[in-house]
Amino acid sequence: MRQWQDRGIGRRPGEPDRQLRFIRALPVGQRERVMLIEAEGEVMLIGVATGSVRLLRNWGKEGAPLTPTDLPEGQADPGAHP
């Protein structure tokens with residue numbers, strides 16, 4: 022997902038630059054994970070599996086959950102990407 026974001030894939034010529042930010046990911050199976058992302062200011066939790074992406078929760082622009090910087094010291098995020 023990070024590579025997709027960095028390359029700007031999915032954007033049409035002349036379309037305004039939209040913001041997509043990866044916050045963190047957590048594997049929940051061999052090929053499944055949940056991801057916390059921010060798209061145009063809205064924080065969303067999505068489930069990603071082979072051939073499927075599903076919106077699990079949308080907090081909107083007001084009620085954002087904890088971000089990695091809010092984690093207590095010593096609680097590393099094993100699914101996070103730099």
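In terms of the working numbering, the sequence shown opens at residue 22 and continues consecutively.
For glycine and all other residues, C-beta sits at the position ideal for the given N, C-alpha and C.
So, with DSSP's three-state summary, where would you put R42? Strand.
Presumed contact (8 Å Cβ cut-off) between G55 and G72, rounded CB distance: The sequence shown places Val at residue 55, not Gly. Contact between V55 and G72 fails: their C-beta atoms lie close to 16 Å from each other, not under 8 Å.
Can you list, in chain order, the residues of its chain whose CB lies under 7 Å from that of P99, leaving out five sequence neighbours each side? In this prediction, P99 scores a pLDDT of 48, lower than 50, which makes its location untrustworthy; the coordinate-derived value is nonetheless stated afterwards. None.
Cutoff 7 Å; reference A70; Cβ partners in own chain excluding five residues on either side: Around A70, the same chain offers R52, E53 as residues with beta carbons nearer than 7 Å, after the five sequence neighbours per side are excluded.
What I want to know is whether the C-beta of K82 ends up closer than 7 Å to one or more non-hydrogen atoms of the ligand GDP. As for the ligand GDP, it is missing from this structure, which has no ligand bound.
Just tell me which of K82, W80, M65 has its CA closest to the CA of V74. Out of K82, W80, M65, the CA that lies nearest to the CA of V74 is found in M65.
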